[in-house]
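Accompanying notes for the structure given below.
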Amino acid sequence: MNIVERKINLPDGRTISIETGKLAKQASGSVEVRMGNTVLLATVVAAKDAKPDVDFMPLTVEYKESFASGGRFPGGFTKREGRPGDNEILVSRLIDRVLRPLFPDDYHAEVFVTVQLVSGDSIDMPDALAGLAASSALAVSNIPFNGPISEVRVAKIDGILVINPTHEDKQRATIEMMVGATYENIMMVEGEMSEVSEAEMLEAILFAHEAIKNQCEVQIDLRNAVGVETLSEYCHEVNDFELKAEIQTALYDKIYEVAKSFAPKHERSANFDAVKKAFIAEKYGEEGPDAIQKSLVSRYYHDVEKIAMRNMVLNERIRLDGRALDEIRPIWCEVDYLPMPHGSAVFTRGETQSLTTVTLGTKLDEKIIDDALWQGKERFLLHYNFPPFSTGEARPVRGVSRREIGHGNLAHRALKKMLPATKAEFPYTVRVVSDILESNGSSSMATVCAGTLALMDAGVPLAKPVSGIAMGLISGENGKFAILSDILGDEDHLGDMDFKVTGTADGITACQMDIKVDGLSYEILEQALEQAKQGRLHILGIMLKTLDKPRGDYKPHAPRVVQMTIPRELIGAVIGPGGKIIQEIQSQSGTTIVIEENDKMGIVSITGTNLESIEKAKAQVDRIAGVPEIGKIYKGKVKSIVQFGAFIEIMPGKDALLHISEIDHKRIKEVKDVLSEGQEIEVKLIEVDAKTGKLKLSRKVLLPKPEGQA
């Protein structure tokens, strides 16, 4: 074995080690990355050649967490890992988005990158090491790659910026971002914030980049020590440079004319397609091009389309739909759109539209998180759906895509810190569902805006409304660039940046940025953030004209939740043997009851469709486990009669004395003349002995006073 190891020292004294030459040696490249008890195994394998007619980078990135890594069994009947969980998909996307732009444009062999968590202790966050592990595996392989890269988590905790915080420390962060970069350039940013300023966010990105530079230097040293040679000879593209020049000359002006027509999305797309078809018909006649020629024409035509659109933006400062660079598309919103969901809203911006609903539920509706390292519950859910009809595509829906999970996660991060933090403030579980009905760019940001309106329509007490905007970039020669507000789908596809920013009027709550070119300066990033702020505030102003604050009450058909506390030792009494008592209460009242133990008390949450049924259940729980209150009226049962009065059971297991003098206004010789055992009567608690805790009742205070009595 030729084992090579290099170490990275973090500012807080922790160490990351990268080792190669021991495990998975038949892969094109493999490394083992360790920090504390967290161990990742990253492998990369490339096909020997590209498949015919492939003109893109067929990269597949998989991040996997083994339950054995945390010393746990998987759930389910098979006791085996199944399909990737949301967390694994999100980490896979984080790696993919940084790696993909850095492969050579003409390299089209299939590349599979696999990062496996093989040991984890729930202290160090493995996702912060996954990008480093993937890049290190590429570094010790012969696969052409314009790296290395690395990814780190940067967090601001108690006012101090920290690289790769522990899971516990991360919970206190006001800024928490994943940053991916090469030594020279930022490539990817994604994270959430507590309404921070643009300057604070930039400071955190700069801080993260300095740490990444060190990790890139260590990977270069590792590669040199291994002594691997990059594959320099491969032929993955068929080119016809005469055809390329012909298409450039013949079609540039025609394509530019279509780009400058400011037509709607589908009309513009049809016009672009017509230009290409006319060229093919003129050049190849009725026989048409063969498969290779057809592929080349499509590729070269796309290149000319990209150049024409970019030149139009850079030189004339106008866009495909005729807008100015910082202009936002027309917006209309509507709330309370659907009658039965607990909240709903439509948000339409240009040709992008989201119909979003809110459902309020109980603790029983919480999402159970059961990952390899993290277990818990989530009471705020946001799901994003992107059906094919939203872009006019004729294809079936086949499950939830990685893109839908990623976009939903971004919108979730944007909104979640604006919801009440504790169950005491807001006892509901909330599910937001965004269905994209039309899409021409920025659908995830439409989800944030529609989500805010739907939550306020449902009466959810959001701290502040949130809006979002997607920014783009077109860069040219000699430092020329154009920053675009509220980008179209084509501007995302043909441009150099997709930078999504969400926030309130007071600061940023979440962001996601992907860079497709080298050389993005911090000056451009700063200008993009400032332009995004102005656009975000403009959108927020329009939203607030539709609904400016959460409704004062929930919809009539929304569930109502009332919470009450009981002594911890009486939780069992409310539940009853085998759940008999609590089931009877739920059946008789038509409510749902959930009991949690918290701070030596029992928290009883009663959910019903109307307050009458909730009050009925509450009275039954209170009768079993409530603390006796002076001045409260109870319906009790006579348990026993003695010479000086009667003992009344006002709660299960709680007897109180009804003295003979408190039975009636008139004088009573014998208690049994008025009361009998088993009789139910109403009594009022008038005294609790401070020393003994004994309870004293009165019946006569509930009876009308005889006329003339003082």
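Just so we're aligned, residue 1 is where the sequence shown starts under the numbering used here, counting upward by one.
Ideal Cβ placement from N, Cα and C applies to all residues, glycine included.
Fair warning: this is a prediction, and the values are worked out from it, not measured in the lab.
Practice prompt. Quick one: give me the first and last residue of the beta strand (DSSP E) that residue 435 is part of.
Written response: 429-438
Worksheet entry | C-alpha distance - residue 479 paired with residue 524, whole-angstrom precision | For the pair residue 479 and residue 524, the Cα-to-Cα distance works out to about 10 Å.
Worksheet item: What whole-angstrom Cβ distance do residue 483 and residue 528 have, given they're in contact under 8 Å?
Response: Contact holds; Cβ gap of about 5 Å.
Worksheet item: Which stretch, first to last residue, makes up the alpha helix (DSSP H) that contains residue 585?
Response: 580-589
Worksheet entry | Top-ranked residue by Cα proximity to residue 300, from 280, 346, 247 and 314 | 247
Worksheet item: Is residue 488 helix, strand or coil by DSSP?
Response: coil
Discussion item. By the three-class DSSP mapping on this structure, what secondary structure does residue 700 have?
Written reply: helix
Discussion item. Whole angstroms are fine: how far does the CA of residue 278 sit from the CA of residue 75?
Written reply: 58 Å
Practice prompt. Under the assumption that residue 624 contacts residue 638 (Cβ atoms under 8 Å), give the Cβ distance between them as a whole number of angstroms.
Written response: Going by Cβ atoms, the distance from residue 624 to residue 638 rounds to 19 Å, so no, they are not a contact pair.
Worksheet item: What's the call for residue 662, buried or exposed, on a 16-neighbour Cβ count within 10 Å?
Response: buried
Discussion item. Suppose contacts are defined by Cβ-Cβ distances below 7 Å. Is residue 109 in contact with residue 204 by that definition?
Written reply: no
Practice prompt. Specify the secondary structure class of residue 99 as computed by DSSP and reduced to three states.
Written response: For residue 99, the three-state secondary structure derived from DSSP is helix.
Worksheet entry | Minimum C-alpha distance to residue 684 - residue among 691, 674, 696 and 676 | 696
Worksheet item: Roughly how many angstroms lie between the CA atoms of residue 711 and residue 287, to the nearest whole one?
Response: This structure cannot settle anything about residue 711, because the visible part of the chain is limited to 1 through 710.
Discussion item. Counting beta carbon pairs with one atom in the stretch 55-66 and one in the stretch 162-172, are three or more of them shorter than 8 Å?
Written reply: No contact exists between the stretch 162-172 and the stretch 55-66.
Worksheet entry | Three-way DSSP call (helix, strand, coil) for residue 555 in this model | DSSP places residue 555 in coil when its eight states are reduced to three.
Worksheet item: What separation, rounded to the nearest whole angstrom, lies between the Cα atoms of residue 70 and residue 22?
Response: Residue 22 has its alpha-carbon roughly 22 Å from the corresponding atom of residue 70.
Discussion item. Can you check which of these residues, 702, 672, 603 and 666, is closest to residue 713 by C-alpha distance?
Written reply: One cannot answer for residue 713 here, as it falls past the ends of the chain, which runs 1 to 710.
Discussion item. Under 8 Å: do the stretch 554-561 and the stretch 600-616 share three or more Cβ pairs, one atom per stretch?
Written reply: The stretch 554-561 vs the stretch 600-616: in contact.
Item to complete: State the DSSP-derived secondary structure class of residue 196, mapped to helix, strand or coil.
Response: Three-state result, residue 196: strand.
Practice prompt. Please report how far the alpha carbon of residue 571 lies from the alpha carbon of residue 680, in whole angstroms.
Written response: Just so you know, the alpha carbons of residue 571 and residue 680 end up roughly 25 Å apart.
Worksheet entry | Per DSSP, cross-strand counterpart(s) of residue 356 | 345 and 434
Discussion item. Excluding the 5 residues flanking residue 202 on each side, which residues of the same chain have their C-beta closer than 8 Å to its C-beta?
Written reply: 522, 525, 526 and 529
Worksheet item: How long is the line joining the alpha carbons of residue 250 and residue 367, rounded to whole angstroms?
Response: 58 Å
Discussion item. Pairs of beta-carbons, one from the stretch 345-356 and one from the stretch 444-462, closer than 8 Å: are there three or more?
Written reply: yes
Worksheet item: Do you know whose CA, among 501, 507, 505 and 506, lies nearest residue 513's CA?
Response: 501
Worksheet item: Are there three or more Cβ pairs, one per stretch, closer than 8 Å when the stretch 289-298 is compared with the stretch 237-245?
Response: Result yes; three or more Cβ-Cβ pairs closer than 8 Å.
Discussion item. Let me check understanding here. Comparing Cα to Cα, which of 94, 198 and 90 lies closest to residue 531?
Written reply: Nearest Cα to residue 531 within the set 94, 198 and 90: 198.
Worksheet item: Among all the DSSP beta bridges, which residues are the ones paired with residue 726?
Response: In this structure the chain extends from 1 to 710, so residue 726 is not present and cannot be described.
Discussion item. Just to confirm the assignment, what range does the alpha helix (DSSP H) spanning residue 234 have?
Written reply: Boundaries cannot be given for residue 234, as no alpha helix (DSSP H) includes it and DSSP labels it neither H nor E.
Worksheet item: Which residues bound the alpha helix (DSSP H) around residue 402?
Response: 402-416
Worksheet item: Does the distance from the C-beta atom of residue 59 to that of residue 118 stay below 7 Å?
Response: no
Worksheet item: Within 10 angstroms of its Cβ, does residue 245 collect 16 or more other Cβ (buried), or is it exposed?
Response: Residue burial annotation: residue 245 is exposed, with fewer than 16 other C-beta atoms found within 10 angstroms of its C-beta.
Fill in: Length of the line joining the Cα atoms of residue 650 and residue 419
40 Å
Discussion item. Within a Cβ cutoff of 6 Å, which residues of the same chain sit near residue 620, ignoring the five residues on either side of it in sequence?
Written reply: 585
Practice prompt. Quick one: measure Cβ to Cβ for residue 442 and residue 487, integer angstroms, because I've assumed they're closer than 8 Å.
Written response: 7 Å
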